Amino acid sequence: MDVNEIVLSIVQQSGLKPEKEANLSALIALIGTKDAELSKLIQQYKNAADAYHYIKGDHELRHKVKDIWELHRNRTKAAFQESQNFLADYCITKGLLLDFSSDI
Numbered sequence: 147m148d149v150n151e152i153v154l155s156i157v158q159q160s161g162l163k164p165e166k167e168a169n170l171s172a173l174i175a176l177i178g179t180k181d182a183e184l185s186k187l188i189q190q191y192k193n194a195a196d197a198y199h200y201i202k203g204d205h206e207l208r209h210k211v212k213d214i215w216e217l218h219r220n221r222t223k224a225a226f227q228e229s230q231n232f233l234a235d236y237c238i239t240k241g242l243l244l245d246f247s248s249d250i
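Numbering (the working numbering), first residue to last: 147 to 250.
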């Protein structure tokens, strides 16, 4: 699941009613009206995912300075996995079922 699918799943499982054309930020804010901690964890997860995918796809840095690229990639991947674990653990405590298996 990507970030959008995770947020939509949480909205549906939480019984929240978003506006028809709500964007990702609006959906995260809607979740925050019911559970501020969950909203914060989703935002951290989104930021970590964005950073990891950006570094992973930075072909210019990869070809020019491969050692630096690998260091950044490994660091952002670890941060991404950590935020994913925090979000998954929190969702379990709230009875929310999510599948993170294919996001890396």
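Every residue gets a Cβ at the ideal spot worked out from N, C-alpha and C, and that includes glycine. Remember, it's a predicted structure, so these values are computed and weren't measured experimentally.
Roughly how many whole angstroms lie between the Cα atoms of residue i and residue j?
| i | j | result |
| --- | --- | --- |
| residue 155 | residue 178 | 15 Å |
| residue 205 | residue 147 | 24 Å |
| residue 191 | residue 226 | 7 Å |
| residue 176 | residue 162 | 8 Å |
| residue 241 | residue 157 | 13 Å |
| residue 186 | residue 180 | 12 Å |
| residue 207 | residue 215 | 6 Å |
| residue 223 | residue 232 | 14 Å |
| residue 184 | residue 164 | 16 Å |
| residue 201 | residue 149 | 17 Å |
Here's the rule I'm using: 16 or more other beta-carbon atoms within 10 Å means buried, otherwise exposed. How should residue i be labelled?
| i | result |
| --- | --- |
| residue 173 | buried |
| residue 170 | exposed |
Helix, strand or coil: how does DSSP classify residue i here?
| i | result |
| --- | --- |
| residue 231 | helix |
| residue 169 | coil |
| residue 226 | helix |
| residue 242 | coil |
| residue 178 | helix |
| residue 184 | helix |
| residue 213 | helix |
| residue 202 | helix |
| residue 162 | coil |
| residue 247 | coil |
Counting only beta-carbon separations shorter than 8 Å, does residue i have a partner in chain D?
| i | result |
| --- | --- |
| residue 155 | Of the chains in the structure shown, none is chain D; there is only one protein chain. |
Should the segment 160 to 169 be regarded as contacting the segment 201 to 221, the criterion being three or more beta carbon pairs within less than 8 Å? no
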